[in-house]
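Chains as they are written, first to last, in the numbering used here: chain A, 287 to 542; chain B, 4 to 134. For reference, the structure is listed below as structure tokens.
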């Protein structure tokens, strides 16, 4: 198929009557960049989920911020409206409350304003004038800063598989079905000494465990991730300059 | 809710905060416990020098190392120390165990009753006495 004729419309001269075909070509240029309607989405449809420059950050005292960057201003289409921030966008203090759980973060369009504001809800369902942009975890008292995630942000997003923490001991093999439908491109195995590590607890990347000597202990295929403990009681689950362990907790994360 | 996997002998192999991707090996079976993961993990904790879930290395000498045993709600707990079984009395769920460090070697302390407490997580204490 050849490229659409674009622009399909042409200049008109002063005094020249505007024919319906000229109007229709102009409309086609505006809606589908000259393509036939059956061959292309309209620009409005195409950009209905557009988002750029929006990256959520933790802000002290349980707030969140979308920082304003001059060269890449936070820009988001909300309900068909092109919204762009002109300054940092902050979630108001005191927005979080109640029991522990995941909170979802929305950009909200406000009639009469070309910018947007932030608001949160425990439901991920978008309401009128809302656009779901991320999530974070509220432990009942505080937002976990490392849990703040922006769906559209470039860089490492949330893992496609997360085992959660599980208790381990040396000389055991742990198999997890990742359900990615393909072999993961990246798998990470972490070790913690607490079942519920907090933000200040050090997590150690596990790549090696000890049998008679240090060996790699992680493998995966299109179905499973297999993490195997070494036979040594003191170094069988973590052999690192940061920590030695033959027990503790592992957590597997994988990205497709 | 905590998901527990037991081996064919009924001993706890692991427990986890989610069942995501759970795969059972031959003979293993599943148990769902209506207790939060963190609470279940703290049913038995062993620590040396204030450290849980990791190897503790100490130099050989005349000193001792105290292992703290935390087992809320229990009057005593039976531990396996390098194959020797010892009953540790607890007061308010806490007790201690003293290890002599005069000669190099490794102490491996685990729960003796592994159907009740798995030898995993923070319920394992390994103290290595080094030259």
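Glycine included, each C-beta is placed from N, C-alpha and C at the ideal position. The structure displayed is predicted, hence computed values, not measured ones.
Which chain A residues are close to residue i, counting only those with a beta carbon under 7 angstroms from its beta carbon?
{"i": "residue 123 of chain B", "result": "453, 454, 455, 533"}
{"i": "residue 127 of chain B", "result": "455, 532, 533"}
{"i": "residue 41 of chain B", "result": "481, 482"}
{"i": "residue 131 of chain B", "result": "520"}
Under 7 angstroms Cβ-Cβ, which residues of chain B neighbour residue i?
{"i": "residue 465 of chain A", "result": "24"}
{"i": "residue 529 of chain A", "result": "57"}
For a contact meaning CB atoms closer than 9 angstroms, what does residue i contact in chain B?
{"i": "residue 458 of chain A", "result": "16, 17, 123"}
{"i": "residue 447 of chain A", "result": "23, 24"}
Going by the beta-carbon positions, is the gap between residue i and residue j smaller than 7 angstroms?
{"i": "residue 522 of chain A", "j": "residue 457 of chain A", "result": "yes"}
{"i": "residue 417 of chain A", "j": "residue 386 of chain A", "result": "no"}
{"i": "residue 508 of chain A", "j": "residue 468 of chain A", "result": "yes"}
{"i": "residue 466 of chain A", "j": "residue 494 of chain A", "result": "no"}
{"i": "residue 41 of chain B", "j": "residue 449 of chain A", "result": "no"}
{"i": "residue 320 of chain A", "j": "residue 292 of chain A", "result": "yes"}
{"i": "residue 315 of chain A", "j": "residue 349 of chain A", "result": "no"}
{"i": "residue 372 of chain A", "j": "residue 401 of chain A", "result": "yes"}
{"i": "residue 82 of chain B", "j": "residue 115 of chain B", "result": "yes"}
{"i": "residue 49 of chain B", "j": "residue 112 of chain B", "result": "yes"}
{"i": "residue 406 of chain A", "j": "residue 435 of chain A", "result": "no"}
{"i": "residue 422 of chain A", "j": "residue 433 of chain A", "result": "yes"}
{"i": "residue 33 of chain B", "j": "residue 531 of chain A", "result": "no"}
Strictly below 9 angstroms CB to CB, what residues from chain A border residue i?
{"i": "residue 120 of chain B", "result": "By Cβ distance, chain A contributes nothing, its closest Cβ being about 10 angstroms from residue 120 of chain B, past 9 angstroms."}
{"i": "residue 44 of chain B", "result": "451, 453, 480, 481, 482, 535"}
Exposed or buried, which one is residue i when buried takes at least 16 other CB atoms within 10 Å?
{"i": "residue 73 of chain B", "result": "buried"}
{"i": "residue 302 of chain A", "result": "exposed"}
{"i": "residue 69 of chain B", "result": "exposed"}
{"i": "residue 503 of chain A", "result": "buried"}
{"i": "residue 79 of chain B", "result": "exposed"}
{"i": "residue 307 of chain A", "result": "exposed"}
{"i": "residue 121 of chain B", "result": "buried"}
{"i": "residue 55 of chain B", "result": "buried"}
{"i": "residue 514 of chain A", "result": "buried"}
{"i": "residue 408 of chain A", "result": "exposed"}
{"i": "residue 19 of chain B", "result": "buried"}
{"i": "residue 43 of chain B", "result": "buried"}
{"i": "residue 309 of chain A", "result": "exposed"}
{"i": "residue 125 of chain B", "result": "buried"}
{"i": "residue 299 of chain A", "result": "exposed"}
{"i": "residue 528 of chain A", "result": "exposed"}
{"i": "residue 444 of chain A", "result": "exposed"}
Based on DSSP bridge pairs, tell me the residues matched to residue i.
{"i": "residue 128 of chain B", "result": "B:112"}
{"i": "residue 367 of chain A", "result": "A:364"}
{"i": "residue 37 of chain B", "result": "Paired residues: none, contrary to the question."}
{"i": "residue 98 of chain B", "result": "B:72"}
{"i": "residue 505 of chain A", "result": "A:512"}
{"i": "residue 55 of chain B", "result": "B:50"}
{"i": "residue 8 of chain B", "result": "B:17, B:33"}
{"i": "residue 452 of chain A", "result": "A:536, B:19"}
{"i": "residue 90 of chain B", "result": "B:81"}
{"i": "residue 405 of chain A", "result": "A:392"}
{"i": "residue 496 of chain A", "result": "A:500"}
{"i": "residue 418 of chain A", "result": "A:392"}
{"i": "residue 376 of chain A", "result": "A:351"}
{"i": "residue 43 of chain B", "result": "In DSSP, residue 43 of chain B forms no bridge with anything."}
Under 8 angstroms Cβ-Cβ, which residues of chain A neighbour residue i?
{"i": "residue 20 of chain B", "result": "450, 451, 452, 481"}
Identify the contact partners of residue i in chain B, using a Cβ-Cβ distance below 8 angstroms as the criterion.
{"i": "residue 344 of chain A", "result": "Those within 8 angstroms of residue 344 of chain A in chain B number zero; the least Cβ separation is about 23 angstroms."}
{"i": "residue 461 of chain A", "result": "26, 28"}
### Query
Of all the residues that make up the segment 100-113 of chain B, which are near chain A by a beta-carbon distance shorter than 9 angstroms?
109, 111, 113
### Task
Determine which residues of the segment 59-70 of chain B have a Cβ less than 7 angstroms from any Cβ of chain A, and write them out in chain order.
none
### Query
Listed from N- to C-terminal order along the chain, which residues in the segment 506-529 of chain A have their beta-carbon within a distance smaller than 8 angstroms of any beta-carbon of chain B?
510, 511, 519, 520, 521, 524, 529
### Message
Beta carbons nearer than 9 angstroms to chain B: which residues of the segment 400-416 of chain A have them?
### Response
none
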